[in-house]
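**Q** Counting from 575, one number per residue, gives the positions in the sequence shown under our numbering.
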Amino acid sequence: LLWWTLDGMQDAGVIWWRLWIAIIAGLLSGLVIAWGTERYTSYEHAPTQRISEQAQMGPATVIISGIAEGMKSTWIPLITVVIAILVAFVSAGGSDIFLMGVFGVGIAAVGMLSTLGITLATDAYGPIADNAGGNAEMTHQEPIVRERTDMLDSLGNTTAATGKGFAIGSAALTALALLAAYVITVKTNLGMVSTPPEELTSTAAVYEGHGVFAINSDPSVDLAKTDVKDMPPPTGALLLTKRDDRNVIEAGFSSGDWTLSDAKAIGDNSYSIAGKDGKTYQFEVVKADQATIPELLDFYDVTIMNPKVLAGLFIGVMLVFVFCAMTMNAVGRAAFAMIDECRRQFVIMKAAFKKNGMSDEDVADPMKWPYRVDVDGKEYPDYASCVDISTAGAQKEMVFPSLMAVAVPIVVGLILGVAGVMGLLAGTLVCGFAVAIFMANAGGAWDNAKKYIETGKFGGKGSDSHKAGVVGDTVGDPFKDTSGPALNILIKLVSVVSVVFAGLIVKFGPYVSDMIGL
575 LLWWTLDGMQ DAGVIWWRLW IAIIAGLLSG LVIAWGTERY TSYEHAPTQR ISEQAQMGPA
635 TVIISGIAEG MKSTWIPLIT VVIAILVAFV SAGGSDIFLM GVFGVGIAAV GMLSTLGITL
695 ATDAYGPIAD NAGGNAEMTH QEPIVRERTD MLDSLGNTTA ATGKGFAIGS AALTALALLA
755 AYVITVKTNL GMVSTPPEEL TSTAAVYEGH GVFAINSDPS VDLAKTDVKD MPPPTGALLL
815 TKRDDRNVIE AGFSSGDWTL SDAKAIGDNS YSIAGKDGKT YQFEVVKADQ ATIPELLDFY
875 DVTIMNPKVL AGLFIGVMLV FVFCAMTMNA VGRAAFAMID ECRRQFVIMK AAFKKNGMSD
935 EDVADPMKWP YRVDVDGKEY PDYASCVDIS TAGAQKEMVF PSLMAVAVPI VVGLILGVAG
995 VMGLLAGTLV CGFAVAIFMA NAGGAWDNAK KYIETGKFGG KGSDSHKAGV VGDTVGDPFK
1055 DTSGPALNIL IKLVSVVSVV FAGLIVKFGP YVSDMIGL
């Protein structure tokens, strides 16, 4: 069906079964990522059991082993995505037509998400089972009820980690497509020039600077014989040449010493011109809308040897870690405010219990407290105030990380240009994918390691091992529920912001770079 909708593509060598292979590659990669997640987060397997075993030595070894297992767990999703991208790219014909390869990677992501219904159902299962356990605890159900909900919650931790793996994996699988989307958006904006059409009546092209010419968008129209209001708008054309010659050629056109009419045509879109140093320089002038992605990358020198690309790469990696730090600190600050409120209520409740005649021994044992106590017409515990603290804290704490994710691509683009943004996108995508998988799996493994101890292993519930496991679970919650899932949003937000503001970067980025000497 997909091949049939691509009417005419069969003439370009596209074969239906090759697209089918790309889709299957995405589907299989999703299944492998799910298997790897289950392997490293379920307490039925060795990695989580090793974390539980380390709990016998104390909380420190639980944290160390959890981080180690989480880091190790990234190899399955990363290798899987690498293989899926290569298979999808080649099978869709990327070796011959680059954009078809990008399309193949895109439909591989569609193949991975074809199981979205099942994935969403299993992902939603986790919090449902978790809340069921909380309800059983708060309504004082029989211990057997809590044991059963704990088993469901353990499975829920694994399914939740699987859902996160699917979401992050699909974002990583579309990395090539996201980069291509940005380049295509840049190409579209390069075609928009400011030169009025009447200036092209006496010359073949007007040099606008920074390697861009304004040329007649419709060569069949003779501008010299056409009324101004009927002239087609000019389009942008790119100056393509060897990197060593580019500065000399751009300087010649910028100073006005050269015009495109002075250059000798030596082929389609190819020209040569003699410089003052006696050297002959060759270059091409290609319409922006006809330029291929490799030509655009060459125009902006998007190579790892370009310091702008490398700088953007480092900033992208830094962005991931700073974003994680902000979200985790937000959890810490909200937890501090929550604990402070709980302690305040405990003081009020204890005073009320003593006033009502409870002994100091009973007041010291929370298990003997009444469910409710009235103080000055207000019932305690006051759960609503705790919910308000967490809700308001979550919203306020996300303001700065969100603004940072929006501002960084724009600032990097204005200073480092398109090449810097490409590096930023690559760094954020690659590093964000690995860190998100690490955090989701480490958090799920810590949680299930605690539940494995609660089944009776290594001392069971209430033992020192269990207390160490609780510490690991507490550390794992912001890993798997806050920073890990948030990185998926960061990856997509940075990509979308880059695409939306590509026009701004293309127009003003070169001038800002010139001002600071880049």
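We put the CB at the ideal spot given by N, CA and C, even for glycine.
Bear in mind that the values here come from a model prediction, so they are computed numbers and not experimental data.
Would leucine 812 and valine 786 be called neighbours here (beta carbons separated by less than 8 angstroms)?
**A** Locating residue 812 in the sequence shown gives position 238, counting from the first residue. Locating residue 786 in the sequence shown gives position 212, counting from the first residue. Going by C-beta atoms, leucine 812 is nearer than 8 angstroms to valine 786.
**Q** Cutting at 6 angstroms between CB atoms, please list the residues of its own chain near phenylalanine 897, excluding the five before and the five after it.
**A** Taking the sequence shown and counting its residues from 1, the one referred to as residue 897 is at position 323. Pro975, Leu1064, listed in sequence order.
**Q** For the pair the segment 680 to 687 and the segment 653 to 666, tell me if three or more CB-CB distances fall below 8 angstroms.
**A** Verdict: yes, contact present.
**Q** So is alanine 966 buried or exposed if we call it buried at 16+ other beta carbons inside 10 Å?
**A** Position 392 of the sequence shown, counted from the start, is the residue given in the question as residue 966. Flag for alanine 966 reads exposed.
**Q** What residues in its chain sit with their C-beta under 7 angstroms from that of phenylalanine 677, if we drop five residues either side in the sequence?
**A** For the purposes of this step, residue 677 is taken as the residue at position 103 of the sequence shown. For phenylalanine 677, where only same-chain residues beyond five positions count, the Cβ hits under 7 angstroms are Ala666.
**Q** So, using beta-carbon positions, are valine 760 and leucine 871 closer together than 8 angstroms?
**A** On the sequence shown, residue 760 is found 186 positions in, with the first residue counted as 1. On the sequence shown, residue 871 is found 297 positions in, with the first residue counted as 1. No; because the gap between Cβ atoms is not below 8 angstroms, this pair is not in contact.
**Q** Once you ignore the five residues that flank proline 701 on each side, which residues in its own chain have a CB closer than 8 angstroms to its CB?
**A** As a first step, residue 701 must be located in the sequence shown, where it is residue number 127. So the qualifying residues of the chain are Gly730, Ala734.
**Q** May I have the straight-line CA-CA distance separating threonine 748 from lysine 1081, to the nearest angstrom?
**A** Residue mapping note: residue 748 aligns to position 174 of the sequence shown, counting from 1. Residue mapping note: residue 1081 aligns to position 507 of the sequence shown, counting from 1. Each residue's Cα considered, the two are about 27 angstroms apart.
**Q** Within a Cβ cutoff of 8 angstroms, which residues of the same chain sit near threonine 815, ignoring the five residues on either side of it in sequence?
**A** Position 241 of the sequence shown, counted from the first residue, corresponds to residue 815. Cβ neighbours of threonine 815 beyond the five flanking positions: Ile823, Tyr855, Gln856, Phe857, Glu858.
**Q** Please name the residue in Ile641, Phe827, Val985, Ala938 whose C-alpha comes closest to that of glycine 781.
**A** Here residue 781 refers to the residue found at position 207 when the sequence shown is read from its first residue. Before going on, a small fix: residue 781 reads as tyrosine here, not glycine. Cα-wise, what sits closest to tyrosine 781 is Phe827.
**Q** Any idea what DSSP makes of valine 985, helix, strand or coil?
**A** As a working note, residue 985 is residue 411 in the sequence shown. If DSSP states are grouped into helix, strand and coil, valine 985 belongs with the helices.
**Q** In this structure, does DSSP put serine 1057 in helix, strand or coil?
**A** The residue you call residue 1057 lines up with position 483 of the sequence shown. Here serine 1057 sits in helix by DSSP.
**Q** Return the Cβ separation of valine 1071 and isoleucine 984 in integer angstroms, given the expectation that the two are a contact with Cβ distance under 8 angstroms.
**A** As a working mapping, residue 1071 is identified with position 497 in the sequence shown. As a working mapping, residue 984 is identified with position 410 in the sequence shown. Between isoleucine 984 and valine 1071 the Cβ distance is about 7 angstroms, and since that is below 8 angstroms, they are a contact.
**Q** Leaving out five residues before and five after alanine 616 in sequence, what residues of the same chain have Cβ atoms less than 6 angstroms from its Cβ?
**A** As a first step, residue 616 is located in the sequence shown; it is residue number 42 there, counting from the start. In the sequence as presented, alanine is not what sits at residue 616; that position holds serine. Thr732.
**Q** Rank Val982, Ile641, Leu752, Leu977 by C-alpha distance to the C-alpha of isoleucine 889 and give the top, closest one.
**A** Within the sequence shown, the letter at position 315 stands for residue 889. With distances taken between Cα atoms, isoleucine 889 lies closest to Val982.
**Q** Report the three-state DSSP secondary structure of phenylalanine 1075 (helix, strand or coil).
**A** Working through the sequence shown from its first residue, we reach residue 1075 at position 501. It is coil, neither helix nor strand.
**Q** Based on the DSSP output, what are the partners of glycine 841 in its beta bridges?
**A** On the sequence shown, position 267 is the one that residue 841 refers to. Answer is Ser844.
**Q** Are the Cβ atoms of threonine 693 and glycine 737 separated by less than 8 angstroms?
**A** Translated into the one-based positions of the sequence shown, residue 693 becomes position 119. Translated into the one-based positions of the sequence shown, residue 737 becomes position 163. Yes, the pair counts as a contact, with Cβ atoms nearer than the cut-off.
**Q** Determine the contact status of valine 1044 and lysine 1024, defining contact as a CB-CB distance below 8 angstroms.
**A** As a first step, residue 1044 is located in the sequence shown; it is residue number 470 there, counting from the start. As a first step, residue 1024 is located in the sequence shown; it is residue number 450 there, counting from the start. Their beta carbons are under 8 angstroms apart, which means valine 1044 touches lysine 1024 by this criterion.
**Q** With a floor of 3 residues, list each beta strand (DSSP E) that falls wholly inside the segment 823 to 908, ordered by position along the chain.
**A** Within the segment 823 to 908, the complete beta strand (DSSP E) runs of at least 3 residues are 838 to 841, 844 to 848, 854 to 861.
**Q** Report the three-state DSSP secondary structure of lysine 924 (helix, strand or coil).
**A** Locating residue 924 in the sequence shown gives position 350, counting from the first residue. The answer is helix: DSSP assigns lysine 924 an H, G or I state.
**Q** Run through the DSSP bridge pairs and tell me what aspartate 1093 is partnered with.
**A** In the structure displayed, the chain extends from 575 to 1092; residue 1093 sits before or after that span and is not available.
**Q** Just to check my reading of the structure: valine 1004 and isoleucine 1079 have Cβ atoms closer than 8 angstroms, yes? What is that Cβ distance to the nearest angstrom?
**A** Counted from its first residue, the sequence shown places residue 1004 at position 430. Counted from its first residue, the sequence shown places residue 1079 at position 505. Not really, about 21 angstroms apart at Cβ, beyond 8 angstroms.
**Q** Label phenylalanine 873 either buried or exposed according to how many other C-beta atoms from any shown protein chain fall within 10 Å of its C-beta, with 16 as the threshold for buried.
**A** If you number the sequence shown from 1, residue 873 lands on position 299. Buried is the call here.
**Q** Would you be able to state if there are at least three C-beta pairs under 8 angstroms between the segment 946 to 960 and the segment 916 to 932?
**A** Cβ pair count under 8 angstroms is three or more, so yes.
**Q** How big is the Cα-Cα spacing for methionine 645 and tryptophan 594?
**A** In the sequence shown, counting from the first residue as 1, residue 645 sits at position 71. In the sequence shown, counting from the first residue as 1, residue 594 sits at position 20. When rounded, the distance between both Cα atoms is 33 angstroms.
**Q** List the residues that DSSP assigns as beta-bridge partners of glycine 783.
**A** The residue labelled residue 783 in the question sits at position 209 within the sequence shown. Per DSSP, Val786.
**Q** List the whole-angstrom C-beta distance separating alanine 746 from phenylalanine 1007, where the pair is believed to meet the contact cut-off of C-beta under 8 angstroms.
**A** Working through the sequence shown from its first residue, we reach residue 746 at position 172. Working through the sequence shown from its first residue, we reach residue 1007 at position 433. Their Cβ separation, rounded to whole angstroms, is 4 angstroms, which keeps alanine 746 and phenylalanine 1007 in contact under 8 angstroms.
**Q** If you follow the beta strand (DSSP E) that alanine 811 is part of, which residue opens it and which one closes it?
**A** Residue mapping note: residue 811 aligns to position 237 of the sequence shown, counting from 1. 809 to 814 is the extent of the beta strand (DSSP E) around alanine 811.
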